[in-house]
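So for the sequence shown, full-length UniProt numbering puts the first residue at 1; every next one is plus one.
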Amino acid sequence: MNSDGQGWRQSKHVYVGDTRVVTKRNYEGETNPGYEQVSQYWYHGDHLGSAQAVTDCNGVMYERLEYTPYGEVWIEERGNGEEGLPFRFTGKEMDEETGLYYYGARYLDPKMSRWLSADPAMGDYVPGPGMSPDKLSGLGGVYNVINLHTYHYAANNPVKYTDPTGREVEILGTPEYIAEVNRLLEEAELASPDFKSKMKELRDNKEIKVTIRAPETQAEKNGGSSTLYSDVEAFANNRPSGSEIVFDPSKTVYDTNTNFALPPVTGIAHEIGHAYFNMKGGFNGKANVWDMSTNPPTFIYNKDSESNAINFENEVRLALGLPYRSNYGGFPVNIMPESIIRLRMKN
Ligand SMILES: [Zn+2]
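In structure tokens, the structure reads:
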């Protein structure tokens, strides 16, 4: 019973997938069906799922919230005497008394920007007898220093992960990896205004999510950089939700014609070209794929996608005075007319 003489508070939640969309409030023993009808609250979250606005059954603003990077509530606005909803930062429940967020396995203290307990995945970071460090989770397990910071949240990069500007290109990995990829993207953007404007299109597109990460498995480490479609089911329906770029900035790639060692900026420009092609719906079921039914597997390449990626790469090569690329592993590609014009102007 609360002080108003009502029974225990009850909440019902309506989900779409993993996202909590509506909370309906009621009290134990409340028999009027209309009560729940008027006591429903709709969440309007950012892409991380943090509630930013809550509207009532009439669509009127009920609560407005803003957060610091680690989830401490910074701005909290609602009507006098109204009770806030507990589901806030990244959609997790904030405990009223302690101000901590409950994440299932652990509590996050948004004021300290730390978990209250150590990473429960710690066991996966420690190698078993004879086990290779390559097999450990978290990109190297205990050998990767960041994994030993077992109280950190979001790899100490809450701004990257909360993505406050809504940028839809996300780099995942150690702080060093993120910094290096950001540096290369900036280098490419500075070199080529055309690359910069296409990069902006990718970042502004809310439907397509691009992630960039380091190679993880041995096969990925042995191979070159690649761009995968991040959603196999959607790929089958011709509607990918995004691209996943696997990129190793420390790997040296040689130009096939001149044997010139290429700087990593050309590699990331190429992979971004694939992600852009994907965003434009150009892939049309013709992505680069490995045909696993043959032994060894055969690579089936998509000429349109590679041509587009090579044009992105060439924009940056041109700007940096590097040799121009005209083929893909010996196969000719379609060079965009505007690139040829720029090439002529340059020569
Ligand atoms: Zn490619």
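The beta-carbon is built from N, C-alpha and C at its ideal position, and this holds for glycine as well.
Whether residue i touches residue j by CB criterion (7 Å)
i, j, result
"Y225", "A319", "Here residue 225 turns out to be Ser, not Tyr, going by the sequence shown. Against a cut-off of 7 Å, the Cβ pair of A319 and S225 comes out as no contact."
"G242", "K209", "yes"
"G91", "R25", "no"
"Y276", "E306", "no"
"E170", "T211", "yes"
"R64", "E83", "no"
"T266", "R317", "yes"
"P110", "E66", "no"
"P323", "T256", "no"
"M279", "N205", "yes"
Residue burial classification, residue i (beta-carbon count within 10 angstroms, cutoff 16)
i, result
"Y101", "buried"
"G7", "exposed"
"E176", "exposed"
"E315", "buried"
"M61", "exposed"
"T162", "With a pLDDT of only 37 at T162, under 50, the local geometry of the prediction cannot be trusted, and the value read off the model is given with reservation. Buried, by the Cβ-count rule."
"P33", "exposed"
"P129", "exposed"
"F302", "Sequence check: residue 302 is Asn here, not Phe. Label assigned to N302: buried."
"G99", "exposed"
"S50", "buried"
"M75", "The amino acid occupying residue 75 in the given sequence is Ile; Met does not appear at that position. Its Cβ having fewer than 16 others within 10 Å, I75 is exposed."
"G330", "exposed"
"N80", "exposed"
"G45", "buried"
"R9", "exposed"
"H13", "exposed"
"A313", "Rather than Ala, the amino acid found at residue 313 in this sequence is Glu. By the neighbour-count rule (16 or more Cβ atoms within 10 Å), E313 is buried."
"N311", "buried"
"E186", "exposed"
Any non-hydrogen atom of ligand 1 closer than 6 Å to residue i Cβ
i, result
"A309", "yes"
"E186", "no"
"E306", "yes"
Neighbourhood of residue i by C-beta, 8 Å cutoff - its chain only, sequence neighbours within 5 removed
i, result
"E189", "F195, K196 and M199"
"Y254", "F260, A261 and L262"
"E96", "P86"
Chain-order list of residues whose beta-carbon lies under 7 Å from that of residue i (same chain, five-residue window excluded)
i, result
"residue 352", "Since the displayed the chain opens at 1 and closes at 347, residue 352 lies outside it and no answer follows."
"T165", "Below a pLDDT of 50, predicted positions are generally treated as unreliable, and T165, at 31, falls in that range; no measurement from the model is reported."
"R167", "With a pLDDT of only 44 at R167, under the threshold of 50, the placement of this residue in the model should not be trusted; the figure read from the coordinates follows. If we look at R167 and ignore the five residues flanking it on each side, its Cβ neighbours are R203."
"residue 365", "Given that the chain is displayed from residue 1 to residue 347, the structure contains no residue 365 and the question cannot be resolved."
"V16", "none"
"S39", "K24, R25 and N26"
"F89", "S50, Y67, G71, Y101 and P110"
Own chain, CB closer than 6 Å to residue i, minus 5 neighbours either side, in chain order
i, result
"A309", "H270, G273 and H274"
"L228", "E244"
"W42", "V22 and T55"
"V181", "I171 and I212"
Residue-level contact to chain D via CB, residue i, 7 Å cutoff
i, result
"P249", "As a matter of chain content, chain D is missing from the structure shown, which is built from one protein chain."
Report task. Check whether the segment 26–33 touches the segment 48–57, counting contact only when three or more Cβ pairs, one atom from each stretch, lie closer than 8 Å. Result -> no
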